[in-house]
Amino acid sequence: MDQIVISDLIVVFVFILITLVIIIFTLFYTFNKRRLYFISEKQKSRIKYEKELEASRIENQEHLLKALSWELHDNIGQLLSVSNLQLSMISEDVTEKDRNLIADTREILSKVLEDVRNLSKSLNADSFIFLGLAKAVSFEIERLNRLRFVDAKLIFEGKETEISNEHQIILFRIIQECISNMIKHARATRFSVTFLSEPHIFTIICEDNGLGMSLNTKNYGLGLKNIVSRANMIGAETMFEPVTGGGLRIKIFYPLR
Amino acid sequence: MTVQIIISLLFPFLSLFSSLLPINKTTKIDFHLRLLFVLMFVTELLGFLIPLYSEKQNYFIYNMYTLGFFMICYSVFYQLSKSTRWKKIILWLSFGLILFFFYDNFYKVLFFDKLQFKTFVAGAVILIILCIQYLVKFLHTDEIYDFYYSRSFWFSCGLLLFTVPFIPIIIGFQYMVDVKNLEILQFLSKVLIISSHICFIISFRWTRLL
Chain A
1 MDQIVISDLI
11 VVFVFILITL
21 VIIIFTLFYT
31 FNKRRLYFIS
41 EKQKSRIKYE
51 KELEASRIEN
61 QEHLLKALSW
71 ELHDNIGQLL
81 SVSNLQLSMI
91 SEDVTEKDRN
101 LIADTREILS
111 KVLEDVRNLS
121 KSLNADSFIF
131 LGLAKAVSFE
141 IERLNRLRFV
151 DAKLIFEGKE
161 TEISNEHQII
171 LFRIIQECIS
181 NMIKHARATR
191 FSVTFLSEPH
201 IFTIICEDNG
211 LGMSLNTKNY
221 GLGLKNIVSR
231 ANMIGAETMF
241 EPVTGGGLRI
251 KIFYPLR
Chain W
258 MTVQIIISLL
268 FPFLSLFSSL
278 LPINKTTKID
288 FHLRLLFVLM
298 FVTELLGFLI
308 PLYSEKQNYF
318 IYNMYTLGFF
328 MICYSVFYQL
338 SKSTRWKKII
348 LWLSFGLILF
358 FFYDNFYKVL
368 FFDKLQFKTF
378 VAGAVILIIL
388 CIQYLVKFLH
398 TDEIYDFYYS
408 RSFWFSCGLL
418 LFTVPFIPII
428 IGFQYMVDVK
438 NLEILQFLSK
448 VLIISSHICF
458 IISFRWTRLL
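Top to bottom, those sequences are chains A and W. Numbering (our numbering) for the first sequence: 1 to 257. Numbering (our numbering) for the second sequence: 258 to 467.
In structure tokens:
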């Protein structure tokens, strides 16, 4: 081949090579970009779907709790009140010894009635909205102390914060889940809930001195999973850490907007 | 036997061989692709053997191959297309190319004595349009998640890699350069053949069950 042919060959070869590279690059760049876009869209829709699913699950749960609360308040509460009234009527026609017995029974019934009403309040989100998060949690703490499960206390640090009613309900249910977990598994003697209010973040710390737990996320039970999923729903973050000397500390970081 | 002839025979054979090996994912275009590779290999083999054992030129083999190649490629895109409108367009374009082939070969060009040019360019332009149309549709399907493993993607890619750079070259050689050295054209066509066959081989070997 002469010199001109070789130079032509090189020019055309380079041209082809460039064309090939451009085609390959354009194809793969476009397809990969589209692929990543599809993947991110799929993830977004999955997250949205999971949130909607969780929201509907919580909504159903709230309906159930409300129904239970009404049943406790309107039916069982009424029956207990009527029983109390009837005992009061009977007590007038009995002997002194029986009257004392009836008085003791009435006292027990009154306590049960009060507990049922408190339980009804804590189950019903409507009454909770009326009270506010701090008051509702303080009722729960009082209930724990009254039942002598643990020595419980509520601590406030920082200013009062404004949180929407829907988010307050979810935060309250998270705290209830922490309490329920502590009662069921921790065998604790002390329990505290701390509300820590900072300019951009509201932190809830639930701490007990019980058995603690394995912090491997794979070992999370339904309770802890519920805490995490509920927190995720309102954009809050959760942290589980062991307490020195035994116990578990659950922190919920709720961003204030 | 020169290196160029070896390449011409070896790569279609490799594509055919890879398509005949057991595959873990069958698609509706497998038969068409195997037929295409058979056509490629047989054409190259006859193109090599005919001048060797007879006085005849091998132009008619390649002229027939051009039509066969485009018809099979169009049928692949016909199979792949989900749009009735595009299926009709592909049928009409195929019919048009067949008419153009007869006009170009038997009226303008001597079928046995010269390599056709216009039919190839017309066929290649149609093929590029079909490839791009298919790939654009492909971008909007769920298959995009696994496009690396899609046989139709790699096949379209291979066709584009061959036809897009080949059209300006063949036009350039036809009109702008006094073609005395077919060697350049042949050498370049071999580069394109290798690149497209690599894509075809990948299309059959690098797939997985979805």
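We treat Cβ as the ideally placed atom computed from N, Cα and C, and that holds for glycine.
When DSSP states are grouped into helix, strand and coil, residue 104 (chain A) belongs to the helix group. Interface residue (Cβ-Cβ distance to chain A less than 8 angstroms): residue 396 (chain W) is classified as such. Under the three-state reduction of DSSP output, residue 94 (chain A) falls in the coil class, being neither helix nor strand. Those residues of the region 444–464 of chain W placed with their C-beta closer than 9 angstroms to a C-beta in chain A are 444, 445, 448, 449 and 452, ordered along the chain. DSSP, reduced to helix, strand and coil, places residue 225 (chain A) within a helical segment of the structure shown. With contacts defined as CB atoms closer than 8 angstroms, residue 450 (chain W) and residue 334 (chain W) fail to qualify as a contacting pair.
Ranked by how close their Cα comes to the Cα of residue 89 (chain A), the residues A:73, A:106, A:74 and A:77 have A:106 in first place. Taking a Cβ-Cβ threshold of 9 angstroms, the residues of chain W close to residue 20 (chain A) are 418, 421, 422, 448, 449 and 452, in chain order. With its beta carbon at least 8 angstroms from every one in chain W, residue 25 (chain A) lies outside the interface. Beta-carbon to beta-carbon, residue 453 (chain W) and residue 418 (chain W) are separated by about 5 angstroms, close enough to satisfy the 8 angstroms threshold. For residue 203 (chain A), the uninterrupted beta strand (DSSP E) run begins and ends at 201–208, by DSSP. In the pairwise beta carbon analysis, the region 241–250 of chain A is classified as touching the region 198–216 of chain A: at least three pairs are separated by under 8 angstroms. Comparing alpha carbon positions, the residue from A:13, A:19 and A:27 closest to residue 414 (chain W) is A:27. Among the residues of chain W, those whose CB is under 7 angstroms from the CB of residue 12 (chain A) are 426, 441 and 445, following chain order. Our two residues, residue 391 (chain W) and residue 255 (chain A), have alpha carbons roughly 48 angstroms apart in a direct line. For the pair residue 409 (chain W) and residue 337 (chain W), the CB atoms are nearer than the 8 angstroms cut-off. At a cut-off of 8 angstroms between beta carbons, residue 404 (chain W) contacts chain A. Judged by beta-carbon spacing, residue 31 (chain A) lies beyond the 8 angstroms limit of residue 455 (chain W), meaning their Cβ atoms are not closer than that value.
Here residue 121 (chain A) is buried: its Cβ has 16 or more other Cβ atoms, across all protein chains shown, within 10 Å.
DSSP assignment within the region 388–460 of chain W yields the following whole alpha helix (DSSP H) runs of 4 residues or more, N-terminal first: 408–428. Between residue 282 (chain W) and residue 464 (chain W), the C-beta spacing is below 8 angstroms.
Three or more beta-carbon pairs separated by less than 8 angstroms are not found between the region 290–300 of chain W and the region 340–360 of chain W, which leaves the two stretches without contact. Under the criterion of beta carbons closer than 8 angstroms, residue 193 (chain A) and residue 243 (chain A) do not qualify as touching, at roughly 14 angstroms. The C-beta of residue 330 (chain W) comes no closer than 8 angstroms to any C-beta of chain A.
One thing to note: residue 72 (chain A) has its Cβ within 8 angstroms of the Cβ of residue 119 (chain A). Of all residues in the region 39–59 of chain A, only 39 and 42 place a beta-carbon less than 9 angstroms from a beta-carbon of chain W. A distance of 8 angstroms or more separates the beta carbons of residue 404 (chain W) and residue 275 (chain W). When rounded, the separation of the alpha-carbon atoms in residue 206 (chain A) and residue 132 (chain A) is 18 angstroms.
Here DSSP, grouped into helix, strand and coil, assigns residue 151 (chain A) to strand. Counting only unbroken stretches of 4 or more residues, the alpha helix (DSSP H) elements lying wholly within the region 287–345 of chain W are 287–310 and 316–337, in sequence order. Straight through space, the alpha carbons of residue 319 (chain W) and residue 300 (chain W) are spaced by roughly 7 angstroms.
A distance below 6 angstroms between beta-carbons, with the five flanking residues on each side excluded, links residue 315 (chain W) to the following residues of its chain, in chain order: 304, 307 and 308. The residue from A:61, A:10, A:16 and A:49 with its alpha-carbon nearest to that of residue 170 (chain A) is A:61.
DSSP places residue 193 (chain A) in the strand class (E or B) of the three-state scheme. Residue burial is scored here from C-beta neighbours: residue 103 (chain A) has fewer than 16 other C-beta atoms within 10 angstroms and is therefore classed as exposed.
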